[in-house]
Amino acid sequence: MSNTTRYLRILIGLSILATCGAVMVFATAFLYISPKLPSVEALKDTQLQTPLRIYTADGKLLGEFGEKRRSPVSIQEVPELFIDAFLAAEDDHFYSHHGVDVSGLLRAASQLITSGSIQSGGSTITMQVAKNYFLSQERTFTRKFTEIFLAIEIERALSKGDILELYLNKIFLGNHAYGIEAAAQVYYGKPIKELNLAQMAMIAGLPKAPSAYNPVANPSRAKVRRNWILGRMLSLGYISEADYKTAMLEPISAKAYGTQLDVDAPYVAEMVRLDMLARFGRTAYEDGYTVITTVKSNLQETANKALIDGVIEYDTRHGYRGAERHWTLPNDIDSDQRRDLSQKLEEIGRIGPWHPALVLDVSEKSASILLSGELQTTLEWEHGLNKTVRYISEDRVSYAAETASELLKAGDVIRVKMSDTTPRHWELSQLPKVQGALVSLDADNGAILSLVGGYNYQKSAFNRVTQAARQPGSNFKPFIYTAALDNGFTPATIINDAPIVFDSDAQGNTWRPSNDNGRFNGPMRLRQALYLSRNLVSIRVLRELGIAKAINYVSRFGFDASKLPHDLSLALGSHSLTPLDVVTGYAVFANGGYKVSPYFIDRIIDRDGNTVYRADPEVVCQRCNDDNLDEEPIARIEADSLDDILSGDDDALQPRYAKRVIDEEVAFLIDSILQDVITRGTGRKALVLNRGDAAGKTGTTNGPTDAWFSGYSGGIVTSTWAGFDQNLNLGRREYGGSVALPIWIDYMREALKNRPERHQKQPDSIISVRIDPDTGNLAHPGQANAIFEYFRTSNAPGEGFNQPTSPYESYSDDPIEIF
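Numbering (the numbering used here), first residue to last: 267 to 1085.
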């Protein structure tokens, strides 16, 4: 027997022994591991962790929460070329093997024998599915065999398409992106169907090492990996030579995209997040809930702009405060230094419309500035510098600047914003210190239509609509006057607007309230007193009405009686309320006397499309009497996109009707007076809206520190507030009508477009009577200055009628003790 034959027999024998040994090892491992294998059937019902998504009432995305960004897609939605890219990168034998690639396993086995651990390869896509869904990431002998057996079981239980779908939705692809749809959004800001070949190959290269091949962090390494995959696709016949060459020439276009929101409503999103966390705990971030809010996207965007414009307008008229910081600049800035300075500006970051900029050089009538991205431009004199005044105090500003150097110097880090006018240009600005808030409700059901808790969430996450309890000032007076109208007063009741002094023996102090302008008008009608916002009249009304009776009455509007002051300062709004408290109260005026509760979540839908919660608000019945509530249909929040809000059923709930809290006669009278606030009172600026149904009230507190306007029209009720978080003075010439009202007007101008006027029906028991405007008594026949006034039939003036005498009609030097 030749040596060759002998060696051949030995080799064959060793091979048989090795094969038998491998079979025995495999069998032993199978017997040991198989009882512990998880059920593959669970994959058919896999629930992928999907973030919480929040939408407006009309289907626009306004928020997303969850550590893992994932948007599951079906295999039918994945472009064939994208699948080919993954097969080329990870498993080109996917359609021919049964879960295990023997050649890859042999390579992995040899590594295990020689080094004691598995260093690379061997995993098919099916094995990766087994690992990702059932196993840890450790590299051990037992785990590898478990992975193999699971892969075989998965191939038996599922189709190739099902396996690919599980894989493409589960894999981690860096930057918190799980699955290919999330990765497409994270790196390219668009869905998978819009990716080109080079972009698909880039994403397909990520599973091997998401950090090392991240196209944002390591673009050069990512490009090498991408090009290798493109070459593999060419060699496997997946793409043509022309496609390959075109894709190879594509630049790296990936960048870090945040969640692409359709609507900027971060304060609303945070309110929803906290609500969902309270309802479902941490699973709210993972179980794929969809929340449909009551917010309307167009109204929210309008509210955002109105508030920003309002605080900018206030901030501008109070003067430029100077640079945010100052950097020492070299004499000559080279390209590297310019890049470094630009990067520092990038780190400071844009806030809302305000971009950080570095002043490079200042001439007499212009300034050269550098922005992030190494953009260099010029601030021109005629583009705002010529009108800029400098801040001295809240009550004083300087003269307008005569040269640019009075405002700026080289090295100043400033803020600039793009103009609203065309042609667009950069103009000097600054981050406002004043803050503001706006909240708007549907007066008939309490649905929050828009909400802005501050001019920029990035600047301050404090929600001033729900968290900032501030003094409402005169914004609260309508509630006191409503109580008076329901307790014997009429719009023509004469009350003296004259000085009054209150002494308190217990506290040892004296209170001398006054009007905003320091003047007194003498005897005047109740209607005048409210639309002119006379403080002394309000105090006298409350004194005559009685504090306990007033507090009991105003609690009908939703105010917490225990938190209201039990003294005459209640008439001036000295207590603290949030804008949400105030707008809820004004909704009663807007809807004719019914109490509604504010809400912002309309529906919660689970990952399977089931509605797990739907709001059930009490709604106002506008077209039926209290005794016949079955005739009024309810209008749900409109759903005209997002597949009609995931095909939600809007007919499942029967309406619940809001309770009337003020008499319809009183509601009509106070609405009439609040309309006069706009037609002839402190809210006259709102006449620009040209609305016959607009009504509301200004509010200004001592200092002044708070500026308010709350009002309504066309079934929309809105409150706006402006002030400093630190309770600083706004300036002696600032009022609710100068700071808050312009914001309200800008918002309502858009909110009321195509919305018909809505006037409260005059009750049969309300009559209009000609009266003497000076006395409130019935006018004499032919009296030239007579006016019409509304009265209840029960207390309308007639022949021989005289106004009841008020103990506070005339001024007395005798102090009146506070009680």
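Every residue, glycine too, gets a C-beta built ideally from N, C-alpha and C.
Bear in mind that the values here come from a model prediction, so they are computed numbers and not experimental data.
Secondary structure note for residue 494: its alpha helix (DSSP H) is the uninterrupted segment 485-501. Fully enclosed beta strand (DSSP E) runs of no fewer than 3 residues occupy 768-770, 775-777, 788-791 of the region 762-838, in order along the chain. Counting along the chain, no beta strand (DSSP E) covers residue 1004; the unbroken alpha helix (DSSP H) around it starts and ends at 1002-1017. A residue is called buried when at least 16 other Cβ atoms come within 10 angstroms of its Cβ; residue 689 does not meet this threshold and is exposed. Residue pairing by DSSP puts residue 1058 in a beta bridge opposite 1032. Taken through DSSP and simplified to helix, strand or coil, residue 626 comes out as strand.
Put simply, the region 814-834 does not touch the region 710-723. Fewer than three CB pairs are less than 8 Å apart. According to the DSSP assignment, residue 966 belongs to the beta strand (DSSP E) that extends over 961-966.
Residue 649 carries a helical assignment under DSSP once its states are collapsed to helix, strand and coil.
Within the DSSP secondary-structure output, residue 987 pairs in a beta bridge with 703, 974. At a Cβ-Cβ threshold of 8 Å, residue 421 and residue 365 count as neighbours. The three-state secondary structure of residue 886, taken from DSSP, is coil.
By the beta-carbon neighbour count (other beta carbons within 10 angstroms, threshold 16), residue 812 is exposed. For residue 642, DSSP records a beta bridge to 636. Nearest to residue 529 by alpha-carbon distance, out of 496, 515, 563, is 563. Here residue 348 is buried: its Cβ has 16 or more other Cβ atoms, across all protein chains shown, within 10 Å. Per the C-alpha coordinates, the member of 633, 707, 594, 756 positioned closest to residue 1063 is 756.
In the same chain as residue 1045, and ignoring 5 residues on each side of it, the C-beta atoms closer than 6 Å to its own belong to 1036, 1037, 1038, 1052, in chain order.
Straight through space, the alpha carbons of residue 454 and residue 499 are spaced by roughly 22 Å. By the Cβ neighbour-count rule, residue 934 is buried, with 16 or more other Cβ atoms within 10 Å of its own.
With contacts defined by Cβ atoms closer than 8 Å, residue 441 and residue 522 form a contacting pair. Annotation for residue 718: the continuous beta strand (DSSP E) segment containing it runs 714-718.
Bridge partners of residue 708 according to DSSP: 982.
In this structure the region 667-685 lies against the region 573-591, because at least three pairs of beta carbons, one per stretch, are closer than 8 Å. According to the DSSP assignment, residue 329 belongs to the beta strand (DSSP E) that extends over 327-331.
Counting C-beta atoms within 10 angstroms of its own C-beta, residue 1048 has fewer than 16 neighbours from the protein chains shown and is therefore classed as exposed. A straight line joining the alpha-carbon of residue 624 with that of residue 594 spans about 11 Å. The beta carbon of residue 759 sits closer than 6 Å to the beta carbons of 792 from its chain, once the five residues preceding and following it are set aside; these are given in chain order. With contacts defined as CB atoms closer than 8 Å, residue 611 and residue 638 qualify as a contacting pair. Within the DSSP bridge table, the entry for residue 443 names 335 as partners. For the 8 Å CB-CB criterion, residue 845 and residue 1031 do not form a contact.
Per DSSP, residue 601 is one residue of the alpha helix (DSSP H) stretching across 601-614.
Checking the DSSP bridge columns, you'll see residue 319 partnered with 330, 556.
Separation of residue 887 and residue 923 (C-alpha to C-alpha, rounded to the nearest whole angstrom) is 6 Å.
A direct Cα-to-Cα measurement between residue 796 and residue 747 gives close to 8 Å. Beta-bridge analysis with DSSP links residue 621 to 682.
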